[in-house]
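Below you'll find the structure, written out as structure tokens, and then a few comments.
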Amino acid sequence: MKKVLVILFALLSINFVFAQTKEVTFPINDKQIWQIVDNEIMSFRVKISLPAIQLQNVNTPHGIFTQIIGDALAISYDTGKAQLPTLNHLIEMPSENLNITIISKKEQIINLNELGFTSPIIPAQPSISKSTDPKTVPFYFDENYYNTNVFHRKQLAEIEYYGKQRGTGIGLLRINPFAYNPVTNLLEIIYEVELEVTFNSNNIKDYLNDKLRLFSPFFNFSNLLNYQNNVIKDVITDYPITYLIISPRSFENTLQPFIRWKTEKGYNVEVAYTDVIGTSTTNIKSYLQSLYSNTTPPPTFLLLVGDVDLIPSFNGTTQNSHVTDLYYACYDGSSDYLPDLYYARFSAQNATHLQNLINKTITYEKYQMPIKSYLDTVLMVAGVDNNYSSTYANGQINYATQNYFNSNNGIYSHTYLYPASSGSGVSADMISKISRGTGYANYTAHCNSAGWGDPSFTTSNVASLQNTHKYGLMVGNCCQSSKFEINECFGEAITRATNKGAVAYIGASDYSYWDEDYYWGVGYRSNIVANPTYNSTNLGAYDRVFHTHGEPYSEWFITNAQMIHGGNLAVQSSNSSLKKYYWEVYHLFGDPSTMNYFSVPDPLTISYNEPLIIGDNSLMVETEPYTLVALSSNGILLDAQYTYNSNSVNLTFQDLATDDSLLIVATKQNKVPYIEKIEVNENLLALDAKISELLAPVSSYNCYDIDITPRVTIQNLSTQNLISLNVCYSYADQPLQCVNWNGNLASLEKDTLDLPSLHLLEGDNQFIVFCENPNNASDMKPSNDTISINVKSEYKNIISNFEANVTSGCNLPFIVNFSNLSQNALSYLWDFGDGYTSTDYEPSHVYTSYGLYTVNLIADAGVCGSYTETKVNYIQVGSLPPTVHDTTICIGEDVILEAYADGLVNWYINMYDVSPIFTGNYFSISNLTHDTTLWVDNYVESPIQHVGSTQSNTNGGFFNLWTTHYLIFDCYQPVTLISVEVNAKTDGNRTISLRDENDNTIQSTTINIPAGISRVTLNFDLPVQNNLQLSCTTFPNLYRNSSGAQYPYEISNMISIKGNSAGDPDYYYYFYDWEIKGVDCISERIPITAHVDNCDEIKFFISNEFMIYPNPASDFITIELNEAIPTKLNIFSLDGRLLRDYYFSNNKFVLDVSNLTPGTYLLRLSNDNGTSQKIFGVFH
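Each residue of the sequence shown is one higher than the last, beginning at 521 in this note's numbering.
Printed below as a string of structure tokens:
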């Protein structure tokens, strides 16, 4: 019987101590690992060369073992047996029926003992779920395996069939190059092998026809080792790509702007409504299957519109219980799990949710965000896990930031590695970064359906985010943050948020795993380390979405849905048993075709001839490689083409019949989208000039009695060059003004010219501009020579003014909503005093540092002038900083620095130190020899306050049913609920939970409550949110009021308990006399400096002009100066406490020290000439 020793302690790779390492090389000539020798449709021959490997001793909690690692190798998962890595490559499989023939092989046997590796090869361990408690994870060790004196070997070459994707069969060729005898500690290595794979099939013609019909340029299989590209049609027929939407009919109107934009972008958009195709998974899948099987080409993108109540999900078929949308995208039989479409979900419960999703997607894709600089900033978080994060989470984040999210790519990363990510305040700091706007955010560690675990970012934080129009893609490599069968998971909340949150979210609908999440981001490896390096043979999601290492185009995965695909392909290429599971659980909430901006994009280079002429049927566009170019007319797509690796496309369409303008849209990854109108003109005449645009004046002005310069654009619509033209305008009753333009415009070219200035008059006046006498001849089409406009000019007082909803507070981030009270301006520029500006009409701003901020608003009325409103020190975040004064002493003297505040003064060595070195108003330094700067802040502790009913033993009784009841309250600023009073009928455990309005648990605690009235400590951090719930989620048997409640119970601007779950205003449930504490108030940190002078040039307060005698003294001392001058005298203890202060104006002062405790003191004198101090002693 097989015997596996299971030791109930976790094998944690992060606890490994790596010692001796040795490289083993092989006599091979080829540096290429996988080399195709011959490739036919039904067979291929390949030569595989094993690169150098490394042997290393690893010291684990279960002893020392030997580990084999190497480039391109994959971890094996034969639990309990020696971990012998493999060489893996995805291949094309036109048939599952195949033969493998070994042509040749080269091998050698090494004695691990002779190389100094006397310990056995480490046993393979299963991948661990991120939801699993490491303390429960066993260490697997197969004793029978390790005690058997044979070479344990697998078949040298194995092929595993996975299924079809877009008609292409996909499998994995696995080479097992190692065999191991654990008794003799000998390792057999096949370091070079040549083999032939032959496929057998009677329907290869159907297979090739399917590949041809199902071809999509977004699915490129050239990364398969033996891929046969039998696609023979011209690339012009690849586009337009079909984009399919499945939606309830109720969303039809809301979807129209999105459908139009996707059409304008270049997709052939088709919409199927569930009132026609059916509402069940079976109905919808049947429709999709038919469409996929019977259209050429079938869709490439699939968007499901609606939450699971509207568009139901499938149940996963792998381990655990979870929902999945995967099977809406799989069409090759019941066992197929490789998606044939890129799919995603707009998870909307109602039209408002959908409108939010659409608004953000269109704004983002059109690059219409008012401020774009946030795209340069990303957030990368290795969350908290004491066992795995140091290696797995840090490894994933380090790989991403070292290779991609860095200054080389124009990106600044806010990076939180473990254990720094476990620090106090990290959650608030992380959320504040998101609230200020990040182009991309990635968290890996622990989650639940409510959001990221530690540091925490959950659904309860979404409402307070202020990243209006500053959103991007977020990714959670963690458990269940996309568990979308519940009312609202984190991925749904963050994407449904109005004009903020995220434009898209990638996350798992079930538990994720440490190994596989690492592979997903980094690519599979033979060894999981904290600082992995790039390997071109084992790519992960980051490599495929950035593709900056020269990856072939087949490895580019540039849309958000493709990023999931790229990560899952890394898992698919490994030896993981969770391949299908990962395809099932990872989901995208958002548009599957959206390309995330990784940094502020550069403009796209593009050129073409315009305008078009009625009758034209093509447009040649010069642009950059890998650009999608689309041409549409009033929302109808005329043509769309992809440049691939060329610099141009030729768009073709039916002969243009009208002069309606067209829209050209060109998009490329990490480039500003090009969106412009193209004019369509009638056929050119022999001589025709046109006033094509009036740029000034405009129709309305808020002033008059000023001079402005009219400006127009002229265009040559002649078959000959335009070299001269008269342009004239009339305005009100003023004389006609004309200019004679001279130039040289070819056909269709334009020029802009300024006309003589006009004096703007009050009231309504007609402005008419026209052109005549092109080339000193008659214009053949006078109808396009004139533009007229009514100009209304009236005086309106231009006022700049504003107010804020809150001007002071103690919490960070501190969010301020500004109201614009200005009048009669056209545009606005805000300066918030912290280095940030905005052009929004009424912006929200997030202050992330303590301080006093002056806010400035410029209201600009264009030619009518601009006006500025400045409010000095208008916003106070935190307390006021201490009052400090720098001081100067002579070298070697002692100094006492002073700082005064209304709270506690904390002293720090550096500006960013976490802990103070001293608290108090005075800080002394002895024998100072150089300038020294310390930092101080003002700490004002928030008082403890009480709220809620105190009637815990009257007007009610004990509630002892299983129904969950709770109090409902609003929280207006971050506060801590320290404790509540309860009255229990019997002692026992109760679970008290803080939940949001959707019943998602934010915090909970289980407490043993004694019988009777007692105070229960909670220490719940209450978020800024409405309709929060405080409930007992277990059997209560707690006292509650059935009469006499008097809602609301509130503390102004802090908290309001406003109701209960029963809906009866007389009832009050369980929790009395809430003990509440707000955020402690901290000021900005400011410097205080002691300057040191050598005193060579100082004429005052040198030792012979400032005397103390006698010193030491028992009763009186005399202080004598060289002149009479008003002087302040302070006496300090050496720990900085001020003991006495005096003022005198003579040159001599006698001080009584008889009541001072014997010891040493510091005496400081200050007057208009400066400050000096000396030590004196007291004895009795």
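All C-beta atoms in this analysis are idealised placements derived from N, C-alpha and C, irrespective of residue type, glycine included.
The beta strand (DSSP E) with residue i in it runs from where to where?
i       : result
Tyr1249 : 1242-1251
Thr1388 : 1386-1397
Met1083 : Met1083 -> not in any beta strand (DSSP E); alpha helix (DSSP H) instead, spanning 1080-1092.
Trp1261 : 1257-1265
His1485 : It is not in any beta strand (DSSP E) - His1485 carries neither H nor E in the DSSP assignment.
Ala1379 : 1371-1380
Pro1112 : Looking at the DSSP string, Pro1112 is not in any beta strand (DSSP E), and its letter there is neither H nor E.
Leu1659 : 1658-1664
Phe1652 : 1647-1653
Glu1213 : 1209-1216
Thr794  : It is not in any beta strand (DSSP E) - Thr794 instead sits in the alpha helix (DSSP H) that spans 794-797.
Leu618  : 618-631
Thr762  : 761-767
With 16 as the cutoff for other CB atoms within 10 Å, does residue i come out buried or exposed?
i       : result
Asp1035 : buried
Lys1020 : buried
Glu612  : buried
Ile1411 : exposed
Leu1256 : exposed
Asn1154 : exposed
Val789  : buried
Ala1379 : buried
Glu712  : buried
Val1141 : buried
Gln1396 : buried
Trp972  : buried
Met1300 : exposed
His1085 : buried
Ignore the nearest five residues each way along the sequence and tell me which others in residue i's own chain have a CB closer than 8 Å to its CB.
i       : result
Ser1524 : Thr1511, Ile1512, Ser1513, Leu1514, Thr1553
Thr757  : Model confidence at Thr757 stands at a pLDDT of 42, short of 50, so the residue's coordinates are unreliable and nothing is read from them.
Asn1241 : Asn1264, Leu1265, Ala1266, Ser1267
Ser813  : Tyr851
Going along the chain, which residues of its own chain have a beta-carbon closer than 6 Å to the beta-carbon of residue i, five neighbours each way excluded?
i       : result
Thr1638 : Tyr1629, Val1670
Tyr884  : Val1023
Val1311 : Pro1217, Asn1285, Phe1287
Ile622  : Leu715
Ala1324 : Val1336, Phe1338
Taking the alpha helix (DSSP H) that residue i belongs to, which residues open and close that run?
i       : result
Ile1429 : Element bounds for Ile1429: n/a, residue is neither H nor E.
His873  : 871-885
Lys465  : Residue 465 lies beyond the stretch modelled for the chain, which goes from 521 to 1700, so this question has no answer here.
Leu858  : No alpha helix (DSSP H) contains Leu858, which DSSP labels as neither H nor E.
Phe1066 : 1061-1066
Gln916  : 914-923
Ile804  : 801-814
Gln776  : 772-785
Glu1104 : 1099-1105
Asn729  : 724-733
Within 8 Å: the Cβ of residue i and any heavy atom of the ligand FMN?
i       : result
Ala1266 : Inclusion of the ligand FMN in the displayed structure is not the case, the ligand content being empty and no account of it being possible.
- Every unbroken alpha helix (DSSP H) within the region 640-718, with a cutoff of 4 residues, ordered by chain: Listed in chain order, they are 663-666.
- Just checking, does the region 929-947 make contact with the region 899-915 on the three C-beta pairs under 8 Å criterion? yes
- Item | alpha helix (DSSP H) runs wholly inside the region 955-1035, at least 4 long, in chain order | With a minimum length of 4 residues, the continuous alpha helix (DSSP H) runs that stay inside the region 955-1035 are 979-982, 1010-1016.
- Task: Report yes or no: do the region 1165-1173 and the region 1137-1148 share at least 3 C-beta pairs separated by less than 8 Å?
- Result: The answer is yes - the region 1137-1148 touches the region 1165-1173, with three or more Cβ pairs under 8 Å.
- Does the region 1584-1593 come within contact of the region 1482-1502, defined as at least 3 CB pairs closer than 8 Å? Cβ pair count under 8 Å is three or more, so yes.
- Message: Does the region 1680-1694 come into contact with the region 1649-1664, if we say contact requires no fewer than three beta-carbon pairs (one atom in each stretch) closer than 8 Å?
- Response: yes
- Item | Whole beta strand (DSSP E) elements within the region 1545-1630, 3-residue minimum | 1545-1552, 1558-1561, 1569-1571, 1575-1580, 1592-1598, 1606-1613, 1626-1629, all fully within the region 1545-1630.
- Message: I want to know whether the region 689-705 touches the region 591-610 - three or more CB-CB distances under 8 Å.
- Response: yes
- Three CB pairs or more closer than 8 Å across the region 1574-1588 and the region 1485-1497: yes
- Task: Indicate whether the contact test is met: 3 or more Cβ pairs, each with one atom in the region 1428-1446 and one in the region 1524-1544, closer than 8 Å.
- Result: no
- Task: May I ask you to verify whether the region 972-989 touches the region 824-836, counting CB pairs closer than 8 Å and requiring at least 3?
- Result: no
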